[in-house]
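Below: one structure, written as structure tokens.
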Amino acid sequence: MSEQDRETRHLIFVPTDAPAPLRATSPLDEELPWVIEFRVVGTASTIQVQVQESMTIGRSDPQRGVYPDIDLTPHGAHAKGVSRRHAVVLTKDNRITVKDQGSVNGTRLNGRTLTPNQEYRLKHGDELEVGEVKLQVRFAVVPTFTGEFSGPDTSHVIIPAVGKGQQILIVEDDEDVGKVFSIALEHAGFLVKTVNSVAAAIGAVSYQLPDMIILDLILPDMSGLDLLRYVRKEYQRHVPMIVVSGATGGFQMNQAKDIGADMCLGKPVSVGDLVRAAASFLCQPAAPAMSAL
């Protein structure tokens, strides 16, 4: 990825008493620098595209002025039956969907042929087949943060300082995702510790029980479900636990809720939703004082 692509996003931090809803001009990319990675099966190639409201998948045709956002031309698109405007990936309300645009050779998601012009949820880990080109889908955060919030004036994110030093444990094995989550929550006023495995999380929790745990379900040593079970079994104090995972299938999320997850958010998630979720459990307004009789 070129340096030009690694834009640094400005974050503006405002005091608690400021009228500060988080502001964004589109569902995802203005709040968190998510990209979708399409790994071309059978090759070493990966196509990265910044999350936008609409992203066309197809093959380029300069004579007709067709330049898709996700161009499969270098991957034998014409010979493998990829149409010029084969399919489109859409984002709305932090959901990502894919829609076949009436292509000649069809689009398949995890082996299922899509009905043309009908939207289907696209998730981290899915396999998308466009014509005969197979793509593995991955949501990732572009590592744009360097520790100093300066750079091109590309966008602004307002993060209100809502926390009062409550401790949050983030369990996330993707270093870039963990770093961005940590930066956002720290500047929202929370104290944050990040670990990358269930074993490390259990060690951290045993040393000091945090006020909240934010965890992925897919971790390198065990499932995040194991961590949910451990905390709910071992500790009487209720610690809010928020699942933020690309494993957004109904079965896994329902399992997490049954075990004791307080909230489940799918990846990609905006900084706004993440901070609001934490604040909803940790920053409840104080009850009004009782008046004397």
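Per this note's numbering, residue 1049 is the first one in the sequence shown, and the count goes up by one each step. Glycine included, C-beta positions come from ideal geometry on N, C-alpha and C.
Closest by C-alpha distance to residue i, when choosing among the options
i       : options                               : result
Arg1143 : Ala1325, Arg1324, Gly1294 and Ala1249 : Gly1294
Val1099 : Gln1111, Ile1118 and Asp1224          : Ile1118
Ala1236 : Arg1169, Gly1320 and Val1088          : Gly1320
Val1225 : Lys1315, Ala1092 and Ala1125          : Lys1315
Asp1174 : Arg1160, Asn1165 and Ser1271          : Arg1160
Leu1330 : Phe1299, Met1289 and Gly1308          : Met1289
Ala1188 : Ser1328, Ala1327, Val1317 and Ala1326 : Val1317
Val1363 : Glu1167, Val1185, Ala1247 and Lys1227 : What the structure shows of the chain is the stretch from 1049 to 1341, and residue 1363 is not part of that stretch, so it cannot be assessed.
Glu1085 : Val1291, Arg1169, Leu1176 and Leu1217 : Leu1176
Asp1109 : Ile1095, His1123, Glu1101 and Ser1131 : Ser1131
Val1210 : Gly1090, Glu1234 and Lys1227          : Glu1234
Gly1124 : Leu1257, Glu1180, Lys1227 and Asn1153 : Glu1180
Val1146 : Lys1171, Val1089, Asp1264 and Glu1282 : Lys1171
Ile1155 : Lys1182, Leu1138 and Asp1141          : One point to set straight first is that residue 1155 is Thr, not Ile, in the sequence displayed. When only C-alpha atoms are compared, the closest one is Lys1182.
Glu1167 : Val1152, Thr1139 and Val1178          : Thr1139
Ile1231 : Phe1299, Ile1250, Cys1312 and Pro1208 : Pro1208
Val1137 : Val1246, Val1178, Ile1250 and Asn1153 : Val1178
Tyr1283 : Met1270, Val1323, Ile1250 and Gly1272 : Ile1250
Tyr1247 : Pro1268, Gln1256 and Arg1285          : Here the sequence assigns Ala to residue 1247, which means Tyr is not the residue at that position. That would be Pro1268, whose Cα lies nearest to the Cα of Ala1247.
Extent of the continuous beta strand (DSSP E) to which residue i belongs
i       : result
Lys1241 : Leu1239 to Val1243
Tyr1115 : Element bounds for Tyr1115: n/a, residue is neither H nor E.
Ser1102 : Ser1102 to Gly1106
Gln1096 : Thr1094 to Gln1098
Leu1120 : Counting along the chain, Leu1120 falls outside any beta strand (DSSP E), and DSSP gives it neither H nor E.
Leu1157 : Thr1155 to Leu1157
Strand pairing of residue i, partner residues [DSSP]
i       : result
Val1323 : The partner list for Val1323 (beta bridge, DSSP) is empty, contrary to what the question assumes.
Thr1139 : Ile1144
Ser1318 : Answer is none; Ser1318 lacks a bridge partner.
Asp1174 : Paired residue(s): none; Asp1174 is not in a bridge.
Arg1186 : Glu1085
Met1301 : According to DSSP, which records beta bridges pairwise, Met1301 is partnered with nothing at all.
Asp1109 : Val1114
Arg1344 : Outside the displayed span of the chain (1049 to 1341) sits residue 1344, for which this structure offers no information.
Arg999  : There is no way to answer for residue 999, as the model of the chain reaches only from 1049 to 1341.
Glu1180 : Bridge partners of Glu1180: none, in fact.
Leu1313 : Val1292
For the stretch 1265 to 1277 against the stretch 1304 to 1311, do three or more pairs of beta-carbon atoms, one drawn from each stretch, fall closer than 8 Å, so that the two count as touching? yes
At 3 residues or longer, what runs of the beta strand (DSSP E) sit wholly inside the stretch 1216 to 1298? 1239 to 1243, 1260 to 1263 and 1289 to 1293
Spell out a yes or no on whether the stretch 1119 to 1127 and the stretch 1102 to 1111 are touching, meaning 3 or more CB-CB pairs, one atom from each, closer than 8 Å. yes
Does the stretch 1215 to 1225 come within contact of the stretch 1240 to 1248, defined as at least 3 CB pairs closer than 8 Å? yes
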